[in-house]
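Below: one structure, written as structure tokens.
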Amino acid sequence: MGAERSGALIILLLGIGYLWEAFAMQVVSIGDPLGPKAFPIFLGALMSLLGISLLIKPEKGANARLFGKTSLGAIILAGILAVYGFGIEWIGYPIATVIFLLVATRILGERSWIIGMLLSMGLSIGVFALFTLVLDIRLPLGPIGEILK
Amino acid sequence: MLDILNHLVYGFQIALLPINILYAFIGCLVGTIIGILPGIGPAGGMALLIPLTYGKEPASAIILLAGIYYGAMYGGSTTSILLNVPGEAASVVTTLDGYQMAKKGQAGPALFIAAIGSFIAGTIGIVLLMLIGPPLGRFALRFGPAESFALMIFGLSMVSSLAGRSLRKGLVSTTFGLMLATVGSDLPTGILRFTFGIPKFMEGFDIVVVAIGLFAVSEILTCTSEMQTGEFIREKVTGIWLSMKDFIYSLGAIFRGTFLGFFIGILPGAAHVTASFLSYTLEKRFSKNPERFGHGEIRGVAAPEAANNAAACGALIPLLTMGLPASAVTAVMYGALLMVGVRPSPFLFQKHPDVVWGLIASLYFGNVMLLILNLPLIPLWVKILSTPSRWLFPIVLVLSFVGVYSVNRSPLDLLTATTLGLLGYAMVKLDYPLAPVILGLVLGDLMEQALRQTLMISGGSLRIFLRSPIALTLFGLAAATIILPKILYRGTDKLDVET
Amino acid sequence: MKVFIRFLFVGLLMSIGLLLPGSGAEAAYPDKALEFIAPANPGGGWDMTCRLSAKVLNETGLVKNPIAVINKPGGFGVVAMTDIIRNRSKDQNVLVAFSAVLSTQMAIQKNPYTYKDITPVAALFVDYGTIAVRKDSPYATMKDLIESWKKNPGVLTFAGSSPPGGLDHIRMAMLAKAIGIPAKNILYVAFQSGGDALSALMGGHVTAFVGEAGEIAGFAESGAVRPLTVLGDRKLTGIFEKIPLAKDLGLDVSSPNWRGFYAAPGMSKEPLRYWEDTFGKMVKTKEWNDVLKKQAWVDFLLTGEKLRNFLAKEISMYQGLAKELGLVK
Numbered sequence: 000m001g002a003e004r005s006g007a008l009i010i011l012l013l014g015i016g017y018l019w020e021a022f023a024m025q026v027v028s029i030g031d032p033l034g035p036k037a038f039p040i041f042l043g044a045l046m047s048l049l050g051i052s053l054l055i056k057p058e059k060g061a062n063a064r065l066f067g068k069t070s071l072g073a074i075i076l077a078g079i080l081a082v083y084g085f086g087i088e089w090i091g092y093p094i095a096t097v098i099f100l101l102v103a104t105r106i107l108g109e110r111s112w113i114i115g116m117l118l119s120m121g122l123s124i125g126v127f128a129l130f131t132l133v134l135d136i137r138l139p140l141g142p143i144g145e146i147l148k
Numbered sequence: 000m001l002d003i004l005n006h007l008v009y010g011f012q013i014a015l016l017p018i019n020i021l022y023a024f025i026g027c028l029v030g031t032i033i034g035i036l037p038g039i040g041p042a043g044g045m046a047l048l049i050p051l052t053y054g055k056e057p058a059s060a061i062i063l064l065a066g067i068y069y070g071a072m073y074g075g076s077t078t079s080i081l082l083n084v085p086g087e088a089a090s091v092v093t094t095l096d097g098y099q100m101a102k103k104g105q106a107g108p109a110l111f112i113a114a115i116g117s118f119i120a121g122t123i124g125i126v127l128l129m130l131i132g133p134p135l136g137r138f139a140l141r142f143g144p145a146e147s148f149a150l151m152i153f154g155l156s157m158v159s160s161l162a163g164r165s166l167r168k169g170l171v172s173t174t175f176g177l178m179l180a181t182v183g184s185d186l187p188t189g190i191l192r193f194t195f196g197i198p199k200f201m202e203g204f205d206i207v208v209v210a211i212g213l214f215a216v217s218e219i220l221t222c223t224s225e226m227q228t229g230e231f232i233r234e235k236v237t238g239i240w241l242s243m244k245d246f247i248y249s250l251g252a253i254f255r256g257t258f259l260g261f262f263i264g265i266l267p268g269a270a271h272v273t274a275s276f277l278s279y280t281l282e283k284r285f286s287k288n289p290e291r292f293g294h295g296e297i298r299g300v301a302a303p304e305a306a307n308n309a310a311a312c313g314a315l316i317p318l319l320t321m322g323l324p325a326s327a328v329t330a331v332m333y334g335a336l337l338m339v340g341v342r343p344s345p346f347l348f349q350k351h352p353d354v355v356w357g358l359i360a361s362l363y364f365g366n367v368m369l370l371i372l373n374l375p376l377i378p379l380w381v382k383i384l385s386t387p388s389r390w391l392f393p394i395v396l397v398l399s400f401v402g403v404y405s406v407n408r409s410p411l412d413l414l415t416a417t418t419l420g421l422l423g424y425a426m427v428k429l430d431y432p433l434a435p436v437i438l439g440l441v442l443g444d445l446m447e448q449a450l451r452q453t454l455m456i457s458g459g460s461l462r463i464f465l466r467s468p469i470a471l472t473l474f475g476l477a478a479a480t481i482i483l484p485k486i487l488y489r490g491t492d493k494l495d496v497e498t
Numbered sequence: 000m001k002v003f004i005r006f007l008f009v010g011l012l013m014s015i016g017l018l019l020p021g022s023g024a025e026a027a028y029p030d031k032a033l034e035f036i037a038p039a040n041p042g043g044g045w046d047m048t049c050r051l052s053a054k055v056l057n058e059t060g061l062v063k064n065p066i067a068v069i070n071k072p073g074g075f076g077v078v079a080m081t082d083i084i085r086n087r088s089k090d091q092n093v094l095v096a097f098s099a100v101l102s103t104q105m106a107i108q109k110n111p112y113t114y115k116d117i118t119p120v121a122a123l124f125v126d127y128g129t130i131a132v133r134k135d136s137p138y139a140t141m142k143d144l145i146e147s148w149k150k151n152p153g154v155l156t157f158a159g160s161s162p163p164g165g166l167d168h169i170r171m172a173m174l175a176k177a178i179g180i181p182a183k184n185i186l187y188v189a190f191q192s193g194g195d196a197l198s199a200l201m202g203g204h205v206t207a208f209v210g211e212a213g214e215i216a217g218f219a220e221s222g223a224v225r226p227l228t229v230l231g232d233r234k235l236t237g238i239f240e241k242i243p244l245a246k247d248l249g250l251d252v253s254s255p256n257w258r259g260f261y262a263a264p265g266m267s268k269e270p271l272r273y274w275e276d277t278f279g280k281m282v283k284t285k286e287w288n289d290v291l292k293k294q295a296w297v298d299f300l301l302t303g304e305k306l307r308n309f310l311a312k313e314i315s316m317y318q319g320l321a322k323e324l325g326l327v328k
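Written out as structure tokens, the structure is:
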């Protein structure tokens, strides 16, 4: 099965899953003729039909490959990004950002650790200054904040 | 007329007080920064800076906020064009052709036309606001739930133009956006839908988070994979300045975008997003070369930019003439006015002429200021593009993430953005268009709510729509949007094949 | 320039203050930067509660530490409450705005917690409910409206800004009960905000508006909207002075939307006492009373045991009403 059909299958599954949830909704509604279920049921049904239609008769001319080597870098970057998202809160903005920049520049082809380190430090401080000094937005400091106390 | 001129002179006397010029300048500057930073957006930015208005004269406070509002609308287009990062929801449309222009080395002209388009639209918008604001404010009130629903249907009918090669895939993207919109607490009943017990989902999906994920993150992921296969090419910058030819070519689009944006801006709901989508599709529909759209057509940048700035003006009308905030941004202004002791009401023009006319005058002034502030920056922005991608992409990601984080302080927002980034990556690979997802998300909530409110009022009868000439007109337009091209281009298949 | 410098300076000070707190190590509470959380978007009642009291507290010098106001919207306050209870239960430096809206949400179990899961700190003021119509409405008085409503209960529509079972809906239910109309016959239309509901009224899309007096004060003054009754215990001033109270019309309905603050469940005695004292002082200041006057709010200070008793009573009353409405089983 090609990527095109796999996509259609995912759409069909999404439609069915959504429809399932929509029907399972517990509803107490008063004075609301349409209710909270009607619109989701319509959407779920529409999505399922589109999925079936694309499964039976895929669009011509598309032959993308999703899970080749080409996607590996993108998936790794996304993984690091997700960790960074939580890192801002866990270990504070400064450490999380420096580590993220260091790793991300490396993945994208920066060869020198020194340049990477300088870049990461400089940028973290720059962005921090922009947010705290100009926009007055506080960012979590994590353990660095504790040490400074 | 003379009356208006007198008022305007009075307004300028207020706006041109040195202290107010300074506030306007700070507002424009901070607004531009906020607009450029992905994730914060005009409403969030204004809310963050409301403390600055404490203890100020009401006129000064509102001038400061209006500067932020305007500056953010201006700045929002910059990153959309340069990096495919929509600074706020209304600039999603600008990415479609703006980023393509940048990829072809045309970032300079794209930024220029966006700035000039915004300037022209802003200026015309203020003149219209001043001349016909009050009657339009009363007209906007005729948009009840039934009329709003019709407007959303009209908005969704535009999807057929955004769909790209396959209408079915366009529909999938739209439906997905509408599905995202249903997540969260259902307003008319208060029950939770599709939240799976996650408290974060109760507030639904934030448009900015989704836009950052689908556009910014997914684009960088795509580029990352292209860099590895060596397909990644960014063409050399061919020119920074806008040619006269391009300017004249875009002028019509700017005017069309302006008028459309202004009138849609007055209406309740997500006006400036709808306005930018609508003006883009209209340009594409009536263009002699619709196939150029999506591949770096300059009119595709000019029209939506003009539309969203004109809509920003239009959106002030319900607030200033009726005392009713019709959009998220004017709701923040409403709160700020309350805080400085001005109670918004239909009396605002009479009771607080200093606030209203000072604001109008400062908008003229702020527009000029923004143009002066932004034009010299363009060469600088273009230079950013020559930064090696291995440095540029991580920086963009950090700015986007910190921007998004600062709004709700939720790591889950960042996880959402990452997930949607991966999804967007897959969608692009499989040729599913991304813009309709945003349109669906913006309109979905409002549309369902409006329909249910309509039926609550009518007790379940659909006849209520027949009683509203506005709703009937809009349904007619929606039908025409879908059917007309099929008739016009029958046999040629022009739209389906070449777009 | 002065402002710009101040602007930078304040930012600088705040960041320094953030980096170097605790210069007096054993200083009395509060020894850190303080945070007021508005569990809704900017511009609404909760946001105003936070911003205006933070402003008065800082400006009068009652609280020397800078108070930052942060918006954490979602689920009518549930998102912020969940965060406080689960993640910040020991945090002494944060207060969250709350109001009668939270009581109704707890009553209909849309909010999984009760007031016992948090530390109620103080109620500060109330905004009374009101029923209003458009200026050209055929209903000149509340009596006209009631008579017409009795005759054709399925025709009159009411626009409010809370979800069904929320405060505005409950106000309608209380009225209907007092008049003798079955709760099922109330055509209540929920809008996103008071402003949206008011737009629907002024556009002639609904019969009447149900909401707070403060929301429509400006519109009543301009004559665009006509308030028919105030759902409160005492007469309001200004434009509402001549508007009859519901109980004067023989309807035993009073639905004050009080507003105040709660704190994390683990707030210790000393900080709690500090805030009770501070709010006690704040409501006596001229600055605060100016705020009340401007917003058409009425002073309503409740703390400690009194506040908890009040909450218990209110929630059980709303629970009863919600059951009658069929919103909870």
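Residue numbers (numbering that gives the first Met the number 0), protein chains in the order written: chain A, 0 to 148; chain B, 0 to 498; chain C, 0 to 328.
Each residue gets a CB set at the ideal place from its N, CA and C atoms; glycine is no exception.
Expected contact under 8 Å - CB spacing of residue i and residue j to nearest Å
{"i": "residue 207 of chain C", "j": "residue 157 of chain C", "result": "5 Å"}
{"i": "residue 406 of chain B", "j": "residue 206 of chain B", "result": "Not a contact, Cβ separation roughly 11 Å."}
{"i": "residue 61 of chain B", "j": "residue 358 of chain B", "result": "5 Å"}
{"i": "residue 481 of chain B", "j": "residue 278 of chain B", "result": "Incorrect: roughly 18 Å between the Cβ atoms, too far for contact."}
{"i": "residue 198 of chain B", "j": "residue 103 of chain C", "result": "About 19 Å separates the two Cβ atoms, so there is no contact after all."}
Residue environment, residue i, which counts as buried when at least 16 other CB atoms sit within 10 Å
{"i": "residue 154 of chain C", "result": "exposed"}
{"i": "residue 255 of chain C", "result": "buried"}
{"i": "residue 236 of chain C", "result": "exposed"}
{"i": "residue 23 of chain C", "result": "A caution first: residue 23 of chain C carries a pLDDT of 37, below 50, which makes its placement in the model too unreliable to give a value."}
{"i": "residue 96 of chain A", "result": "buried"}
{"i": "residue 258 of chain C", "result": "buried"}
{"i": "residue 386 of chain B", "result": "exposed"}
Within chain B, partners of residue i - CB distance below 8 Å
{"i": "residue 97 of chain A", "result": "The premise fails here: residue 97 of chain A is roughly 10 Å from chain B at the closest Cβ pair, so nothing lies under 8 Å."}
{"i": "residue 24 of chain A", "result": "190, 192"}
Residue i - partner residues in DSSP beta bridges
{"i": "residue 70 of chain C", "result": "C:37"}
{"i": "residue 130 of chain C", "result": "C:209, C:228"}
{"i": "residue 187 of chain C", "result": "C:157"}
{"i": "residue 98 of chain C", "result": "C:258"}
{"i": "residue 298 of chain C", "result": "C:124"}
Own chain partners of residue i with C-beta closer than 6 Å, once the 5 adjacent residues on each side are dropped
{"i": "residue 150 of chain B", "result": "473"}
{"i": "residue 245 of chain C", "result": "228, 230, 252"}
{"i": "residue 25 of chain B", "result": "none"}
{"i": "residue 92 of chain B", "result": "275, 276, 279, 303"}
{"i": "residue 313 of chain B", "result": "261, 264, 265"}
{"i": "residue 168 of chain B", "result": "431"}
Contact set between residue i and chain A, taken where Cβ atoms lie within less than 7 Å
{"i": "residue 459 of chain B", "result": "32"}
{"i": "residue 165 of chain B", "result": "58"}
Neighbourhood of residue i by C-beta, 7 Å cutoff - its chain only, sequence neighbours within 5 removed
{"i": "residue 208 of chain B", "result": "403, 412, 415, 416"}
{"i": "residue 222 of chain C", "result": "134"}
{"i": "residue 202 of chain B", "result": "183"}
{"i": "residue 87 of chain A", "result": "95, 139"}
Partner residues on chain B for residue i, Cβ-Cβ distance less than 7 Å
{"i": "residue 81 of chain C", "result": "198"}
Under 8 Å from the C-beta of residue i: neighbouring residues of chain C
{"i": "residue 456 of chain B", "result": "156, 186, 188, 204, 205"}
Beta-carbon contacts of residue i that lie in its chain and below 8 Å, excluding the five residues immediately before and after
{"i": "residue 323 of chain C", "result": "172, 176, 182"}
Contacts that residue i makes with chain B (C-beta to C-beta distance below 9 Å)
{"i": "residue 93 of chain A", "result": "Per Cβ cutoff of 9 Å: no residues; residue 93 of chain A is ~11 Å from chain B at best."}
Chain D contact for residue i (CB, 7 Å cutoff)
{"i": "residue 12 of chain B", "result": "This model lacks chain D altogether, as its protein chains are A, B and C."}
Residue i Cβ short of 6 Å to the ligand ATP heavy atom set
{"i": "residue 213 of chain C", "result": "As for the ligand ATP, it is missing from this structure, which has no ligand bound."}
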